[in-house]
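In the working numbering, the protein residues as written are 611 to 1083.
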Ligand SMILES: Cc1cc2nc3c(=O)[nH]c(=O)nc-3n(C[C@H](O)[C@H](O)[C@H](O)COP(=O)(O)OP(=O)(O)OC[C@H]3O[C@@H](n4cnc5c(N)ncnc54)[C@H](O)[C@@H]3O)c2cc1C
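(1) Below 8 Å between beta carbons: does that hold for residue 856 and residue 675?
(2) Just tell me which of 1045, 991, 963 has its CA closest to the CA of residue 864.
(3) When you compare each of 931, 646, 622, 995 to residue 684 by their alpha carbons, which one comes out closest?
(4) So residue 964 is in the beta strand (DSSP E); what residue range does that whole segment cover?
(5) Starting from residue 812, trace the beta strand (DSSP E) in both directions and tell me its first and last residue.
(6) Using only the heavy atoms of ligand 1, determine whether one of them is closer than 7 Å to the beta carbon of residue 965.
(7) Kindly examine ligand 1 and report whether one of its heavy atoms sits closer than 7 Å to the Cβ of residue 1057.
(8) Thinking C-beta only, is residue 852 closer than 8 Å to residue 980?
(9) Where residue 850 and residue 715 are concerned, what is the direct C-alpha to C-alpha distance, given to the nearest angstrom?
(10) Below 7 Å CB to CB, which residues in the same chain sit around residue 627 once its five sequence neighbours on both sides are set aside?
(11) Pull up the DSSP beta-bridge partners for residue 863, would you.
(12) Given this structure, state the Cα-to-Cα distance separating residue 927 from residue 888, to the nearest angstrom.
(13) Report the CB separation of residue 728 from residue 815 in whole angstroms; it is logged as a contact under 8 Å.
(14) Could you tell me whether the segment 615-634 touches the segment 746-754, using the rule of 3 or more Cβ pairs below 8 Å?
(15) Can you round the beta-carbon distance between residue 655 and residue 741 to whole angstroms, since I take them to be within the 8 Å contact cut?
(16) Can you name, in chain order, every residue of its own chain whose Cβ lies under 8 Å from the Cβ of residue 567, other than the five neighbours on each side?
(17) Using CA coordinates, which residue listed in 624, 898, 650, 811 is at the minimum distance from residue 1042?
(18) Express the C-alpha separation of residue 822 and residue 945 in angstroms, rounding to a whole number.
(19) For the alpha helix (DSSP H) holding residue 598, just list the boundary residues, first then last.
(20) Please work out which residues of its chain come closer than 8 Å, Cβ to Cβ, to residue 1050, disregarding the five sequence neighbours upstream and downstream, and give them in chain order.
(21) Pull up the distance between the alpha-carbon of residue 780 and that of residue 1075, whole angstroms please.
(22) Expressed to the nearest angstrom, what Euclidean distance is found between the alpha-carbon atoms of residue 1029 and residue 798?
(23) Output the boundary residues of the alpha helix (DSSP H) element that contains residue 987.
(24) On the DSSP bridge assignment, give the partners of residue 797 in chain order.
(25) In three-state terms, what does DSSP make of residue 970?
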């Protein structure tokens, strides 16, 4: 197999849109740990923000900063907002069908902490609508190869530059087979061995590597994310000295459907509250302004649950027209029915769950990590847009905007790698036991999250102490 120019790890909106923005003359390989549709991008319900017109700029900027506790990188927020109209126009070009009003203009909905409706949507399955259209386009391009069920387990580093990845897959996997059977001189990819689990472990080389590995929900017991999203890029970063940023900035979504069944938590989109849904405690009394930022609403719900000992609070949709519930929130309505609740007639039980990752692999405004030739886009990266807390429906947009910027940067800096640089000797023992490696990676990331949580706690306490010293002086 001839080396691709670019390897992209992950096929959510970040990975797919990056690939589509790279020149068609480049050979691109996309790998994904699960099946194509097993990415969080498919799950996004609420929608995607867009700058409606110039008059909304200041308010959109302020809403994003305020939700992020003003810890956001202002330059990144500006880039995201300014690029939003172009990205939406690209999406429509790829066939994405956003809701329109009776005059055929784009329709906007609202979510918590937005001071005005500015969110485009497709029923309550906006992420699926966007991702399936991007995937179809990717699959139609002859310069892009996309392969399921291949897991990146490491990067290959030489002279402090990223030159490839180590991956594993079933021996019968398409990619593993191609590497094994291709005996041509330009096949530099190599089977390194078979691990304890009977999988093929192989090396792959490329000029540029893009991480688009999504969130970290797989590290938590209760999360809205796919469980195979286990922060692999973060663990690998820790091993290779690649900088992370605020790995303890983790968003808990206030409202997921309460159930005693195990598995992925089902999200009740914030736009349900944006359209009039209200939160009630066990006495069926309202206890919070439902449109406050997510972290604030989550804390209020947790406080209620602690006070009463209840396992959940209630969400009532009594103020939302039945028609709206059955059309705009069709999938939520259906899921609630499956769980035994008719949300047009009764309250549903809801509880907070891990949902989103604001921190990540530190990147600059072009999505470059601190290691040359390694980029990170989407939820796995941290370009500072979200600060300490994400504003609803900013993440699909942020993923797309900064994935395109990575692609543009890669296109501009296209280079030939000196062949001598390749093929370092790799120590296979690290990859011999996939279960052990997974456990090691998980612990590494959880420890780092905890370390940074304590650091921030201490730092905030120091600030409070200094402030009270000044006040009493
Ligand atoms: C239930 C839910 C609802 C949401 N609703 C909204 C919303 O309304 N609006 C909004 O803006 N955002 C929303 N979000 C957030 C948004 O969907 C995500 O932030 C965004 O889709 C992330 O895209 P991504 O490309 O970074 O990652 P993902 O779409 O998660 O894709 C990650 C990819 O990386 C692959 N991968 C991971 N590790 C490896 C590895 N080691 N090797 C190979 N492949 C790997 C995965 O298999 C997958 O293909 C929601 C999220 C969830 C979970």
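We put the beta carbon where it would ideally sit given N, CA and C, even for glycine.
Being a predicted model, the structure only gives us computed values, none of them experimental.
The short version:
(1) no
(2) 963
(3) Of 931, 646, 622, 995, the smallest CA-CA separation from residue 684 is found for 995.
(4) Bounds of the beta strand (DSSP E) holding residue 964 are 958-967.
(5) 809-815
(6) yes
(7) False, no ligand heavy atom lies under 7 Å from that Cβ.
(8) yes
(9) 49 Å
(10) 744, 1010, 1013, 1014
(11) 963
(12) 7 Å
(13) Contact doesn't hold; Cβ gap of about 43 Å is too wide.
(14) yes
(15) Between residue 741 and residue 655 the Cβ distance is about 13 Å, and since that is not below 8 Å, they are no contact.
(16) Residue 567 cannot be examined here, being either before or after the span of the chain that is shown, 611 to 1083.
(17) Answer by Cα proximity: 811.
(18) 29 Å
(19) Because the chain here runs from 611 to 1083, residue 598 falls outside it and cannot be looked at.
(20) 845
(21) 56 Å
(22) Note that residue 1029 has pLDDT 49, beneath the 50 cutoff, so the model's placement of it is unreliable and no number is given.
(23) Element bounds for residue 987: n/a, residue is neither H nor E.
(24) 612
(25) The answer is strand: DSSP assigns residue 970 an E or B state.
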